[in-house]
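Scroll down for the structure; my scribbles are underneath it.
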Amino acid sequence: MNFSTGNSGNLLQVTVRKTGNECLQEGSYAQFLGSDVCPVIYDLIPSGYTMEALEPAPRTPDLLLRIEHLLETKVWNRPALPSSSEIDWKDCLKEYGVIVPDYAIPTEFCLVHGDPTASNTLVRGDDLILCDPRPPRNYIPQCRETDMSRILQSL
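The numbering of the sequence shown is the numbering used here, which starts it at 915 and goes up by one.
This is how it looks when you write it as structure tokens:
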């Protein structure tokens, strides 16, 4: 959102600053995912970041399908960051007390948003944008099922 002031022709830009725990990592990851997926990040600071101001996405019947399409075309088609595919997920989850059958262990890894819920959807014109990405963590597999579970949480 931009607007000019007075006769000078100077342009004011409305932005959003997010600060708090892990916000710097979140802002860096949003930059990595890119502005086709996340809001434009203008500035990273030790406690967070400054991003473009966008409106919340309308809650339409096709919103969850639009989120899935965005992830399918802009995120899940990119390779996972190196650490995810190197972890023995069965052993890792067992350390947290989660016993997972072999058939449920991911075998195909990809980049993920980490928190693509309906409450994290914004719009830039007609384009859907996802804010608040969660950078990959060693205890959560980088696979599309991880993001799908968060989408389904929006139901």
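For glycine and all other residues, C-beta sits at the position ideal for the given N, C-alpha and C.
So, residue i versus residue j, is the Cβ gap smaller than 8 Å?
| i | j | result |
| --- | --- | --- |
| ILE1057 | PHE1023 | Per the sequence shown, residue 1057 should be read as Cys rather than Ile. Yes, they are a contact pair. |
| VAL1014 | LEU947 | no |
| THR1021 | MET965 | no |
Helix, strand or coil for residue i, going by three-state DSSP, please let me know.
| i | result |
| --- | --- |
| GLU966 | strand |
| ARG1064 | helix |
| GLN945 | helix |
At a Cβ threshold of 8 Å, is residue i touching chain D?
| i | result |
| --- | --- |
| GLY1011 | Within the model displayed, chain D is absent; a lone protein chain is all it includes. |
Note down the Cα distance separating residue i from residue j, rounded to an integer number of angstroms.
| i | j | result |
| --- | --- | --- |
| TYR956 | TYR1017 | 43 Å |
| LEU1042 | ALA971 | 7 Å |
| THR1030 | ARG931 | Reading off the sequence shown, one finds Pro at residue 1030, where the question assumed Thr. For PRO1030 and ARG931, the distance between alpha carbons rounds to 20 Å. |
| MET1062 | LEU1069 | 12 Å |
| LEU925 | LEU968 | 17 Å |
Inset, instruction - Could you say if the stretch 977 to 996 and the stretch 1054 to 1069 meet the contact criterion of at least three C-beta pairs nearer than 8 Å? - result: They touch, by the three-pair rule.
Inset, instruction - Note down, one range per segment and in chain order, each beta strand (DSSP E) of at least 3 residues found wholly within the stretch 982 to 1050. - result: Annotation: the stretch 982 to 1050 contains the following complete segments of the beta strand (DSSP E) (minimum length 3 residues), in chain order: 1035 to 1038 and 1041 to 1044.
Legend entry - Contact between the stretch 973 to 980 and the stretch 931 to 941 (3+ Cβ pairs under 8 Å): Judged by Cβ distances under 8 Å, the stretch 973 to 980 makes no contact with the stretch 931 to 941, as fewer than three pairs qualify.
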